[in-house]
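Heads up: the structure comes next, in structure tokens.
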Amino acid sequence: MSEAEFLRLNVLLEVQAKRLTVAEAASVLRLQRRQVFRLLRGLRQCGATPPALGPPAA
6 MSEAEFLRLN
16 VLLEVQAKRL
26 TVAEAASVLR
36 LQRRQVFRLL
46 RGLRQCGATP
56 PALGPPAA
């Protein structure tokens, strides 16, 4: 897992634990709120597997 993927996972876990809002997570990850919701849905469905974290970096 790359450092960027690790950061993304930690931020999403903070949102799930209600220590961060979706808007704050979007700002940290430099994504739109809807993308954070998509990532959270993937995390709930698949756990911390790569598909839940998004596509690999180019």
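When the letters of the sequence shown are read in order and numbered with this note's numbering, they come out as residues 6 to 63. The beta carbon of each residue, even a glycine, is placed where N, CA and C say it ideally should be.
1) Mark Ala30 as exposed unless 16 or more other C-beta atoms lie within 10 angstroms of its C-beta, in which case mark it buried.
2) With DSSP as the reference, label Gly47 as helix, strand or coil.
3) Which class does Arg13 belong to by DSSP, given the choice of helix, strand or coil?
4) On the three-state DSSP scale, how would you describe Ala53?
5) Out of Gly52, Gln50 and Arg39, which has the shortest C-alpha to C-alpha gap to Ala28?
This is what the structure holds:
1) buried
2) helix
3) Reduced to three states, the DSSP call for Arg13 is helix.
4) coil
5) Arg39
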